[in-house]
Every structure is written in structure tokens, then in C-alpha cells.
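Student: My questions will all concern the structure given below.
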Amino acid sequence: MEYKNILLTFEGEIGTLTINRPKALNALNSETLKEIQAGVQEVRANQAIKVLILTGAGEKAFVAGADISEMRGMTPMEALGFSKMGHQTLNMIQDLDRPVIAAVNGFALGGGTEIALACDFIYASENARFGQPEVTLGIFPGFGGTQRLPRLIGKGKAKELIFTGKMVTAQEALQMGIVNRIFPQASLMEETKKVAAQIAANGAVAVRLAKMLIDSGFNMDLADACAFESYAFGIGFATEDQKEGMAAFIEKRKPNFRGR
Ligand code: CAA
Numbered sequence: 001m002e003y004k005n006i007l008l009t010f011e012g013e014i015g016t017l018t019i020n021r022p023k024a025l026n027a028l029n030s031e032t033l034k035e036i037q038a039g040v041q042e043v044r045a046n047q048a049i050k051v052l053i054l055t056g057a058g059e060k061a062f063v064a065g066a067d068i069s070e071m072r073g074m075t076p077m078e079a080l081g082f083s084k085m086g087h088q089t090l091n092m093i094q095d096l097d098r099p100v101i102a103a104v105n106g107f108a109l110g111g112g113t114e115i116a117l118a119c120d121f122i123y124a125s126e127n128a129r130f131g132q133p134e135v136t137l138g139i140f141p142g143f144g145g146t147q148r149l150p151r152l153i154g155k156g157k158a159k160e161l162i163f164t165g166k167m168v169t170a171q172e173a174l175q176m177g178i179v180n181r182i183f184p185q186a187s188l189m190e191e192t193k194k195v196a197a198q199i200a201a202n203g204a205v206a207v208r209l210a211k212m213l214i215d216s217g218f219n220m221d222l223a224d225a226c227a228f229e230s231y232a233f234g235i236g237f238a239t240e241d242q243k244e245g246m247a248a249f250i251e252k253r254k255p256n257f258r259g260r
């Protein structure tokens, strides 16, 4: 598919989806959301890709939010539909059966923080800024900010960010647990790709099952979640990767995982 608002590139086992509307600081309009959905579908269909990185084009912004020009004239029903389209898009990222790393290279505001939160974890450049400034526009987060943010950092911290609409630095976001690591902007993509390559070298089925268990188990009670883990652990022993990984350890060689 031809994309106008995103770039989708593949290097070996790593895919990079770049949101590419630098003139609007990569703001998410409906067209861009549709293209992100198509891009994620393309990755889903390409089994050679083991890890996806999500980033923004340019030096200034990751994503400066949902597109305010498009939202401005929306009726309540149109706004409901737009929010649903945002959720659909972010859920596709969250549910992709491979790890997705957000490389936040500048402003991640409103829908920008929200789309990063739908990824498995976030790396940020030193100049990155996070925030949910929706209340300053007379609205509130509509792409999952009221739900994913408190689940990640706790209700009190999430309420402070959402009620004040204030931006936080990458360093503050690290302390809050929004961000896992910070890099200088010039090396953010290189460092993110190094970690992506480390993940891609591991047993792909094991990584997928681990993602599924963490995400599904998170909302279960501990006993059910642990039982679920045991069943999945058993299924893991039906894979070639389990046989190869353990044989390689015993034979003191590097495993040659085939993702099955
Ligand atoms: N939507 C549409 N256009 C946007 C945008 C957005 N979210 N953010 C920036 N832009 C556009 C600006 O209108 C401007 O366009 P023009 O050059 O045509 O005027 C261009 O991008 C550059 O932006 P600025 O001139 O404002 O750049 P700056 O350096 O002065 O400020 C900024 C940068 C602090 C990020 C500022 O652009 C800003 O505050 N943006 C809006 C952030 C925001 O409120 N995001 C939340 C949106 S609501 C939302 O996301 C709802 C939801 O949960 C679904």
C-alpha cells in the first residue's frame, strides 16, 4: 500500500513505523490513524519481522496529539467515532503479536503520549516531552489516556498529569515509570534498534507468548493468571525453539531459533 502520512521500513528482522506529518508535528488525523492500522496489518502479515519500532518524523516531535484542526468542528457523534478509531488503532498496536517499542523523539502530547503507552515499552530522547494537555483545550484524553496512564503509573500521578495538562521532561517521565530509558536524540534510534535486535535474536514464539501472558494476565487475579502461565509454559515445550534453545545451552553453542 502507498502511504502518505507514515513510513514503513524493514531492516532484517526489525520494522520501523514512522508517523510522518512533520508540518503538523505528526498530529494524528483520521487518515493517519487509518494508515497506522494498515501499517500494523502489514507487519502482522510479515512473519520475518520480529520487533516493531514506532517513532515520529523530524527532530521536534514524536506525535503532538490528535489533530486539533480536524477535531475542532466535530459533532459529539463524530468525536465518539474518532475516539473509537483511535482506540481501534492503539489496540492493534497493543495486540500485535510481536513487541512494539516506542522511540519518542520529541513532543509526545495527548494522543502522542497515548499511542506511546499502547506500545510495550518506551525509550525517549533527552528532549522528549510527555503530557496530556487535553483539558487546556476543553476536552479530556480520548485515545486511552484516562485508562492506560493510571494503570502504568498509578491513579494519583495520572490524575495530576491529566488535571493540570502540564508537560513533563523525559527525566521526569523516567522517574514516573512512563519511560524505560533515555538516550541523546542522535543515538535514540540506534540504541532502540540494538535492543530490538537483542529481542529478535531470542525465541520468537517465547517472546510472543510472554507478551500475551503479561498483557492478558495483568487484568486477571493472580491465581488464574499463574494457572494461565502454566498452561502456556507447557505449550512452549511443543516448539522447536525450546528444543533448540536447551540443546544449544547443553552443547555450549549459540541457539539457532527458527520461530516455531
Ligand atoms: N493538531 C494539529 N496541528 C498541530 C498539533 C495538533 N495536535 N500540534 C501542532 N500542530 C501544528 C501547529 O498548528 C503548527 O501548524 P502551523 O505551522 O500550520 O501553524 C505546527 O504544528 C507547529 O506547531 P507550533 O507552531 O505550535 O510549534 P511550537 O514549537 O510553538 O509548539 C507544541 C509545539 C507545544 C507541541 C504545540 O504545537 C502544541 O501545544 N500542540 C498541541 C498539543 C496538544 O494540545 N495535544 C493534544 C491534542 S488533543 C488530543 O490528543 C485528544 C486525544 O486524546 C484524542
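In the working numbering, the protein residues as written are 1 to 260.
We put the beta carbon where it would ideally sit given N, CA and C, even for glycine.
#1: Is the Cβ-Cβ distance between T239 and V205 less than 7 Å?
#2: Could you pull out every unbroken beta strand (DSSP E) segment of at least 3 residues lying fully inside the stretch 112-192, listed in chain order?
#3: Say yes only if the C-beta of L117 is nearer than 6 Å to one or more non-hydrogen atoms of the ligand CAA, and no if none qualify.
#4: Evaluate contact between the stretch 107-118 and the stretch 57-71, counting only Cβ atoms and requiring at least three cross-stretch pairs below 8 Å.
#5: Along the alpha helix (DSSP H) that carries T32, what are the first and last residues, could you check?
#6: In chain order, what residues of the same chain have a beta carbon less than 8 Å from the beta carbon of L17, not counting five sequence neighbours either side?
#7: Please name the residue or residues paired with A103 in a DSSP beta bridge.
#8: Can you check DSSP and say which residues form a bridge with A108?
#9: Rounded to the nearest angstrom, what separates G144 and I235 at their Cα positions?
#10: For E11, does the three-state DSSP call read helix, strand or coil?
#11: Which same chain residues end up closer than 8 Å to F249 when comparing Cβ atoms and leaving out the 5 residues on each side of it in sequence?
#12: Who does T18 pair with in a DSSP beta bridge?
#13: Exposed or buried, what is V135 when buried is set at 16 or more other beta-carbons lying within 10 Å of its beta-carbon?
#14: So the candidates are G81, K166, D215; which of them puts its Cα closest to the Cα of F117?
#15: Let me know if D224 comes out buried or exposed under the rule of 16 or more other beta-carbons within 10 Å of its beta-carbon.
#16: Quick one: give me the first and last residue of the alpha helix (DSSP H) that P255 is part of.
Tutor: A quick look at the data gives this:
#1: Here residue 239 refers to the residue found at position 239 of the sequence shown. Here residue 205 refers to the residue found at position 205 of the sequence shown. Cβ distance < 7 Å, so T239 and V205 count as in contact.
#2: 121-125, 129-131, 181-183, all fully within the stretch 112-192.
#3: Translated into positions along the sequence shown, residue 117 becomes position 117. False, no ligand heavy atom lies under 6 Å from that Cβ.
#4: By the C-beta criterion, the stretch 107-118 is judged to be in contact with the stretch 57-71, since at least 3 inter-stretch pairs fall below 8 Å.
#5: Numbered from 1 along the sequence shown, position 32 holds the residue referred to as residue 32. Residues 30-45.
#6: In the sequence shown, the residue the question calls residue 17 occupies position 17. Correct list, in chain order: I6, L7, L8, I36, G39, V40, V43, L52, I53, L54, T55.
#7: Looking up residue 103 in the sequence shown gives position 103. DSSP lists Y123 as partners of A103.
#8: Within the sequence shown, the letter at position 108 stands for residue 108. Among the bridge pairs identified by DSSP, A108 is matched with V63, F130.
#9: Counted from its first residue, the sequence shown places residue 144 at position 144. Counted from its first residue, the sequence shown places residue 235 at position 235. If you draw a straight line from the Cα of G144 to the Cα of I235, it is about 32 Å long.
#10: Counting from 1 along the sequence shown, the entry for residue 11 is found at position 11. Here E11 sits in strand by DSSP.
#11: In the sequence shown, counting from the first residue as 1, residue 249 sits at position 249. Within the same chain, F249 has close Cβ partners P255.
#12: Counting from one through the sequence shown, the residue named residue 18 turns up at place 18. Residue pairing by DSSP puts T18 in a beta bridge opposite L7, T55.
#13: Position 135 of the sequence shown holds residue 135. Its Cβ having fewer than 16 others within 10 Å, V135 is exposed.
#14: Mapped onto the sequence shown, residue 117 falls at position 117. Residue 117 is actually Leu in this sequence, not Phe. Of G81, K166, D215, the residue nearest in Cα terms is D215.
#15: The residue given as residue 224 occupies position 224 in the sequence shown. By the 10 Å Cβ count, D224 comes out exposed.
#16: As a position in the sequence shown, residue 255 is number 255, starting the count at 1. Membership of P255 in any alpha helix (DSSP H) is not indicated, and neither H nor E is assigned to it by DSSP.
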